[in-house]
Amino acid sequence: MKIVFTTSLPQEGFWRLVERGILDQAPRTLDIAHLSPEELHETEILVSTFDHKVSREMIEAMPKLQLIANFGVGYNNIDLEACRERGIRVTNTPQPVIEPTAELAFALMIDVARRVSEFDRALRNGTGEPMAVMNNLSHSLYGKTLGILGMGRIGQALARRAAASGMKIIYHNRHELTKEKMNELAREGVQAQYVDFQTLLQDSDYLSLNLPYTPEVHHIIGKPELGMMKRSAYLINTARGAHVDEAALVEALKSGIIAGAALDVYEFEPQIDPELLKLPNIVLSPHTGTGTWEGRIAMCENVADNIIAFIDGQTNKMNIVL
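In this text, residue positions in the sequence shown follow my numbering: the first is 30, and each later residue adds one.
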């Protein structure tokens, strides 16, 4: 089957496709401006990434397309309605992203709380306070409350790290975790309490967003929600930028409604609001939640597994989105 890639990805992650004779050369990067109509016409499997939008127009240009094997857990880069109309399968790679994303969320939380990046900038620029006992103070994670909005696999992985650091865990989900899952977490040292959304906002010292994006949760954190948070609270977002009303966040950070924020994703990425770049009480990362070499290779292997299962007709082995 003809496979086209929207982005050049590590070849070593696709060894199973080469072994099966499905792919016999380096992944071909799709550039919609330079790929000929004939090549598009023949494409049967598209491997997509979050930084390339798979629009209805692109899908219509590939009449033989049967599968979009998305590289990543989020799939809001794909026009699902156009796929649904054509009966095109869509898969994602949820498992390999769990630990790297939780790891970065925890790193961002430590960074913004302990002012690591802020101090680094000040030392380099010569603008910081002198080294003294009551200068350059920050806040600890130990003994504080982490609120997790979206207690799925990534949220649970973050909870394990936070619990090991002596944090209290509260969470809000569409549904409370099952007793079996709570017992499993307890065996791993995590005691997590389910609370309603308002309580999550009011009681969290650190609020981490770990929920998938759907239109229903667009701007789930806006001016009213930020206003319910503690003035000493920090917001961490490694999920999707559109969860947060960035204009409201800028105002909250400027006026001291919350203490700080750490973002890996942005409402209008790849553009970043220039006002965010000026603020001292925010840590910014360029959408690198899953961006480790180990994670990328594992994601490639997951994509390859989805493609092989599709070709073999083993839908039970696919990470099916649609």
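Glycine included, every Cβ here is placed at the ideal spot set by N, Cα and C.
query: If you draw a straight line from the alpha carbon of Val251 to that of Val273, how long is it in whole angstroms?
result: Along the sequence shown, one-based indexing puts residue 251 at 222. Along the sequence shown, one-based indexing puts residue 273 at 244. One point to set straight first is that residue 251 is Gly, not Val, in the sequence displayed. Counting only the Cα atoms, Val273 lies some 6 angstroms from Gly251.
- prompt: Between which two residues does the alpha helix (DSSP H) containing Leu214 stretch?
  reply: To locate residue 214, count along the sequence shown from 1; it is residue 185. Going by DSSP, Leu214 is part of the alpha helix (DSSP H) stretching over Lys208 to Arg216.
- prompt: When the Cα of Ser146 is compared with those of Ser77, Leu308, Thr130 and Pro253, which residue comes out closest?
  reply: On the sequence shown, position 117 is the one that residue 146 refers to. Ranking the options by Cα distance to Ser146, first place goes to Leu308.
- request: Under the assumption that Glu304 contacts Gly270 (Cβ atoms under 8 angstroms), give the Cβ distance between them as a whole number of angstroms.
  value: The count along the sequence shown starts at 1 and reaches residue 304 at position 275. The count along the sequence shown starts at 1 and reaches residue 270 at position 241. Contact flag wrong, Cβ pair sits at about 15 angstroms.
message: Tell me the residue span of the beta strand (DSSP E) that contains Ala20.
response: Lying outside 30 to 351, the shown extent of the chain, residue 20 is not represented and no answer is given.
- prompt: Among His201, Ala98, Asp225 and Pro315, which one has its Cα closest to the Cα of Glu330?
  reply: The count along the sequence shown starts at 1 and reaches residue 330 at position 301. Taking each of His201, Ala98, Asp225 and Pro315 in turn and checking the Cα distance to Glu330, the smallest one comes out for Ala98.
- request: Please look up how many angstroms separate the CB atoms of Ala333 and Gly101, rounded, as I've assumed it's under 8 angstroms.
  value: The residue given as residue 333 occupies position 304 in the sequence shown. The residue given as residue 101 occupies position 72 in the sequence shown. That belief does not hold up - the Cβ atoms of Ala333 and Gly101 are roughly 14 angstroms apart, past 8 angstroms.
field: Beta bridge counterpart(s) of Gly176 as assigned by DSSP
entry: In the sequence shown, the residue the question calls residue 176 occupies position 147. In the DSSP output, where bridge partners are listed per residue, Gly176 has Ile199 and Leu236.
field: Beta-carbon proximity check, Gly318 vs Asp293, cutoff 7 angstroms
entry: Along the sequence shown, read from residue 1 onward, the residue named residue 318 stands at position 289. Along the sequence shown, read from residue 1 onward, the residue named residue 293 stands at position 264. It is a contact, given that the beta carbons lie within the stated cut-off.
Member of Arg203, Gln227 and Pro159 whose CA lies at the smallest distance from the CA of Lys363: Past the boundaries of the shown model lies residue 363; the chain is included only from 30 to 351, so the question cannot be answered.
task: Would you be able to state if there are at least three C-beta pairs under 8 angstroms between the segment 149 to 168 and the segment 178 to 195?
output: Segment contact: the segment 178 to 195 against the segment 149 to 168, fewer than three CB-CB distances shorter than 8 angstroms; contact not assigned.
- prompt: What is the DSSP secondary structure of Asn266, reduced to helix, strand or coil?
  reply: Here residue 266 is taken as the residue at index 237 of the sequence shown, counted from 1. DSSP places Asn266 in strand when its eight states are reduced to three.
- prompt: By Cβ distance, which residues of its chain are closer than 6 angstroms to Asn164, with the 5 residues on each side in sequence left out?
  reply: In the sequence shown, counting from the first residue as 1, residue 164 sits at position 135. Excluding positions up to five away in sequence, the list reads Glu158.
- prompt: When you compare only the Cα positions, how much space is there between Asn105 and Ser237?
  reply: The sequence position of residue 105 within the sequence shown is 76, counting from 1. The sequence position of residue 237 within the sequence shown is 208, counting from 1. Cα to Cα, Asn105 sits roughly 20 angstroms from Ser237.
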